[in-house]
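Here is the structure we will look at, set down as C-alpha cells.
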Amino acid sequence: MRRAMIAVLAASTLLLGNTPAPARADPPEPASSVLPPGWSLTGKALTWTSDKLIPPGDAAVEFWSGDRLLGRARGAADLRTFTLPGGVSGDPADLQVRIGGERADASAPAPQRRVTGTPSAVPVRPAHSTDPGVPGRYATTTGEYTLPGITLSTYPAKVEMQAVVVAPTNAPGKRPLALFLHGRHWTCYSGPEMTDILLGWPCPAGSQAVPSHRGYLQSQRLLASQGYVTVSISANGINGQDTIDTDGGAQTRSSLIREHLAHWADWSGAGRATAPAIVRSAPRADLDKVLLVGHSRGGEGINRAAIDSLTPPPAATDDFQGTVRWTIRGLVPIGPTAFGQNPQPDVPSATILPGCDGDVRNLQGQMYVDATRGVSSGRALHSSVYLVGTNHNYFNTEWTPGQAAAPSIDDFQVVDDPVCTAGVSSIRLTAEQQQTAGATYVATAARLFVAGDERARPLLDGSGVRAPSAGPARALTHAIGANRTPVIVPDPGLRISGAARLCEHAGRVRENLCDETFDSPHFVPLLWPEEGRWAVALTTGTATLRPATPMPVAGAQSLAMRLVVPPNAPATPYRIAVTDDRGRRLDLGTATLTGLPDTEATKGSWAQEVRLALPRDVRAVTRLDITSGGTGTAYLIDAWGWRPGVPDPRPAALDRVDVGEVTAVEGDSGSVTWTVPVAVRGKKNAVVRFFLGDSLTAEVRSWTATVRPGTERVEVPVTGDTIYGGDRRSVLAAKAVSNAVIGDYDGGVRIREDDPMPAGTVTPSVTAAEGTALTWTITLSEPAGASIYLILLPRVPQTGPELSTTDVDPDWFTANSSQDPEPSRPLSGTSLQPFLEIPAGTTSIEFTVPTITDPVTEGDEHVRFATLVFPPDFSEPVDGPVFDGTVTD
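For what it's worth, my numbering labels the leading residue of the sequence shown as 21, then goes sequentially.
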C-alpha cells in the first residue's frame, strides 16, 4: 500500500526584508478543492492537525463538509491529530471540525452574535425543607479492588476491572448500591505537564494510569454516610480504545458496568467468601436497589446499561453473557453525551447539565429528558438540572487542577467570558463548590429514585426550590413524566394563531426551524436533519394554541409548562389563560421569568418550568393563551397537567430494535432493492423513525414506520450504472418514537463500485521560459460520476538540474507545501504535494506551476511529478501517470 501525506495551506505573503520582490508569473487562483489549513490526506484517511493540544474529552470530534456530517474522527497519541478512516466525499474546500457542536478548526468564522444584553443574574430559589446533601449517621470505610481484566470483542487490549469502594460501617441489613462511571479522559501520564498526557491502553513504560475512578469520593462518602454501598469503576481501557466504536463506546461501557454488577450480585450472595477485602468489610449490597451515576460518556454508558439490563442485546454482539440479577432504580447522567439520542424511558433519571460545559458544549444530554417523551407510559420521572456556573471536568476531582494526581485543566477555555471564566465571572463556582453541588444532587436522585422519599421530589421536578447544602450554586430544574398528563405537545395538529408559529427543532427546511444555529440544548439534532420535533415560537403579544382534541387534566393541581425565554432577558411577565371543555376561559395568572445568563460560549436557551394552579373542577383543556410582555422570541417546549407524586415507573415490555448492515454490488443498470435487516425483539408493535442517507450525495430521507417483532426489512434502492463513482454507503439509522428502545442505531448498505476508474493521461512534457508558468493538461478517458482527486508528488527528474524552491512562486510553494521556500532546495526534497479535483462529469483539468525570474544564468532546469489518483471516497489510491517539465533560461 502506498500512502502520501499532503498539507495544503492557504496562500500567505512571504516577507523577504528589503529585498526587491522577484519578477514572476501571476500565480493561478486557488482551486476550490484546496484543503483548508491543517487538513491533509493519507492513502485511506482524512486528517486534521490542530495547532494546539486537544485534550481527550467526551464530545466527539466530528468532521463536516459544510452542513454535512462526514463522520467521527479518531484521535492520535499526539493529541493534535485526528483521522477519519475512509476519507471524505464532498467538497474538500468546505471541511470543518466540530466538537460538542462548536467549530474547532482554524478556518472557523467569527461567531455570529446570537445573544444580547449583559449576563443576567439568576434569582435565588427558596430553600427546601429537605436537604439530601446533609451527611447521614454512618461512618464510612474506603478501599479498592482489582480483578483480572476482561476482553471486549472490539478491543485488542483487555479492559481493567478496578474500582474504589466507599461503604457505611455498622449499617444493618442489605444496603442499596450506587455505581459511578467516569467519562472519557486521557488515560496515562508521565509527568506534571499537559504535554505529558497520553491517550492509549495499556499505559506505556514510564507512564501511569490516570485514576479517574477516584474522582467521585466526595459523592461516594456522602451516600455511604446515608447508608449506601458505593463503587466507582475504572474505564481507562475503554477510553484508550473506543475510537473504533461507532457508538463512542456506549455498548462496551454497558458491558463493563454489567460485569461489575454481576460480581456484586455474587458477593452479596453465595460468593461472599470470594469477595475482595473491602467488599467483605462492607454491608451486603441490595442489588434490587441500584443507582447508576455516569459522567460524560459514562452517562451514555449507564443509559445503555439500563437498556441492556431490561432488554438484553443479541448474544452475538454482547460481551456480557451473564444473567441480569439486579434492578436499576435510577440514573444520574452528569454532563453526558447522547450520540444515539435513545434514552431508556422507564428508568427515572436526573440529568445534570453544566452551564459552563467546555467539553460537551451543546448540552446534548438534554435528550435524556426530551427524547423520552411519548416513547413509553410516561410514568418515570425524567429531570433536567441546569447548574449555572459549573464546567464539565470539575465534577471529578481527578480532572481538577490542584486536586488531581495527573495533569488537568479547566475545560472552559474562553478568556474573559463574563459568565464562565474563573476569576472573571461572579457566577462561576469554584471547584469545591461545584463538587459539593454535584454530590448534593446525586444524593437527591438517590433519595427519590432508590429510597422513594417523596420529600426530595421538589428539588428535581421543576418546583423551584433549592437544596441548602448546594451552597451558592444556582440549580434550575424541569421535568417530564411522573404524574403529568399532556396538554400541549407541539405538532402539526396544533392550531396556532396570534403571536406564535409552529417551528421545528432540527428539520431540513430552514424557514421552519426554531433557531438556525440549533443553539438550544432542546434543538440538538441527531446526526442529520430530523423531522417530527416541534416547539411553539412565541413573540410579543398573545398566542392562542388549540390542541386537536380536548386534553383531559382531571385531578391535576397545576398547569406546568417548559418555556425557553431569551437569554439575559430581564424579568419578563407571561400571562397564562386556559379554556376548558365547558367553554370557560380561566385566567391562571402571570409567571415571571428571567433569562439565563448567556454568552457566545454558553448555551442559556434552556427551558425553565412554569407552574400555575388549575381550578379543581377543570376536566379538560381546549385552548391555551400565552401573552408575552417581553421582547425577543420565547419557545414553548410543552405543557402538562401536573400533580405531585412519583408513581412506580413499572417498566413496560418495550421492543428492542437493532439496525444491521449489508454489502451490495452496484450493478450496471436499473435499480436493485437491497434489504437491511432490523432486528425487533419484543411482543408488540413499535414505532421508529428511520433515517436513510447517501454518503456521496448527502441526501437524507427520514420517515416513521411501525415495526413488528421479528426481523423487519428496510428496503434500500441501489441504482446501477456503467459510470465510475466509487464506493459509497447508504446509512440507515433509527430513533425510538414509541414502544421501543434502540440498541445498535447505525447500519445500512455498503455499496461496492464495480466499474473501473477512468484512466488518466497527462501532457507528457512541457516547456516554459523562466518567469512564466509550466502548464499541463490532465485528462480522463471518460467522465466519472463523482469527483476524482489527485495528489502530485515531485520526483527527481531523469536529466539535468532540478527546479528548486526559489525558482517557483513563493506563495504557491507555501500554499502547496506548508513550508518556507528558503533555504533553496530541490522540489523533490520538500513536502510539496499539490492537490487537484476533477469534478464529476468533466474529463480534464489544468495543473500550473508558476515560476519566477532571477539574475542568475542557470540553463535549463527540470521538474518531474508522479500522480496518486484517489477515488471519490478517498479510499486506496492508485498510481497515475508521471510527467515532466522544463524551464528554459
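By construction, the Cβ of each residue, glycine as well, lies at the ideal position given by its N, Cα and C atoms. Note that the coordinates shown come from a computational prediction; the quantities given were computed from them, not determined experimentally.
Item                                                                                                                         : Value
Proximal residues to residue 50 (C-beta, below 6 Å), its chain only, five neighbours per side dropped                        : Reliability fails at residue 50, whose pLDDT of 34 lies under 50, so the model's placement of it is uncertain and the value that follows must be treated cautiously. Result list for residue 50: empty, nothing under 6 Å.
Rounded Cβ spacing between residue 777 and residue 891 (contact assumed at less than 8 Å)                                    : 6 Å
CB contact flag (residue 239, residue 156, <8 Å)                                                                             : no
Cβ neighbour criterion (16 or more within 10 Å) applied to residue 686                                                       : buried
Local Cβ density within 10 Å of residue 366, reported as buried at 16 or more and exposed below that                         : buried
Closest residue to residue 857 among 889, 214, 491 (Cα-Cα distance)                                                          : 889
For residue 320, the three-state DSSP class (helix, strand or coil)                                                          : helix
Coarse secondary structure for residue 670, derived from DSSP in three states                                                : coil
Meets three-Cβ-pair contact criterion under 8 Å: the segment 346 to 358 and the segment 369 to 376                           : yes
Backbone CA spacing between residue 423 and residue 343 [nearest angstrom]                                                   : 39 Å
Terminal residues of the beta strand (DSSP E) in which residue 339 lies                                                      : Taken as a continuous stretch (DSSP letters only), residue 339 belongs to no beta strand (DSSP E), as it is neither H nor E.
Through-space distance from residue 782 to residue 872, alpha-carbon basis                                                   : 24 Å
Alpha-carbon to alpha-carbon, residue 521 and residue 259                                                                    : 44 Å
Helix, strand or coil at residue 461 according to DSSP, with G and I counted as helix                                        : helix
Residues of its chain near residue 627, where Cβ-Cβ distance is below 7 Å and the 5 sequence neighbours each way are ignored : 498, 542, 582, 583, 584, 657
Start-to-end residues for the alpha helix (DSSP H) that takes in residue 597                                                 : Element bounds for residue 597: not the alpha helix (DSSP H) but the beta strand (DSSP E), 592 to 600.
Residue 743 vs residue 775 beta-carbon contact at 8 Å                                                                        : yes
Span of the alpha helix (DSSP H), counted from its first residue to its last, around residue 243                             : 237 to 245
Closest by C-alpha distance to residue 219, when choosing among 256, 184, 231                                                : 256
Option nearest residue 397 by Cα separation, candidates 348, 505, 472                                                        : 505
For residue 563: DSSP bridge partner residues                                                                                : 518, 646
Touching by the beta-carbon criterion (3+ pairs, under 8 Å), the segment 468 to 482 and the segment 167 to 174               : no
Beta-carbon proximity of residue 596 to residue 609, cut-off 8 Å                                                             : yes
Separation of residue 502 from residue 515, as counted between CA atoms                                                      : 27 Å
Beta-bridge pairing of residue 710 - partner residues as DSSP gives them                                                     : 723, 754
Separation of residue 454 from residue 491, as counted between CA atoms                                                      : 9 Å
Sequence-distant residues of the same chain with beta carbon closer than 6 Å to residue 44, five excluded per side           : Low confidence applies to residue 44: its pLDDT is 31, below 50, so where it sits in the model is not reliable, and the reading given next is rough at best. Within the same chain, residue 44 has close Cβ partners 829, 872.
Reference residue 178, options 598, 552, 254, 689, closest by Cα                                                             : 254
Between the CA atoms of residue 187 and residue 296 - distance to the nearest angstrom                                       : 13 Å
Backbone secondary structure at residue 48 - three-state DSSP                                                                : Low local confidence applies: a pLDDT of 34 at residue 48 is under 50, so the model's placement there is unreliable, with the coordinate-based value given in what follows. If DSSP states are grouped into helix, strand and coil, residue 48 belongs with coil.
Whole-angstrom distance between residue 104 and residue 64, CA atom to CA atom                                               : Because the pLDDT of residue 64 is 49, which lies under 50, any placement of that residue in the model is unreliable, and the number read from its coordinates should be weighed accordingly. So the two alpha carbons sit approximately 9 Å from each other.
Cα-Cα separation between residue 52 and residue 448, rounded to whole angstroms                                              : Annotation note: pLDDT 35 at residue 52 (below 50); position unreliable, no value reported.
DSSP beta-bridge partners of residue 506                                                                                     : 660
Beta carbon of residue 919 nearer than 8 Å to that of residue 76                                                             : Residue coverage of the chain in this structure runs from 21 to 909, which leaves residue 919 outside it and unanswerable.
Through-space distance from residue 513 to residue 611, alpha-carbon basis                                                   : 27 Å
Nearest-angstrom Cα separation, counted from residue 507 out to residue 525                                                  : 19 Å
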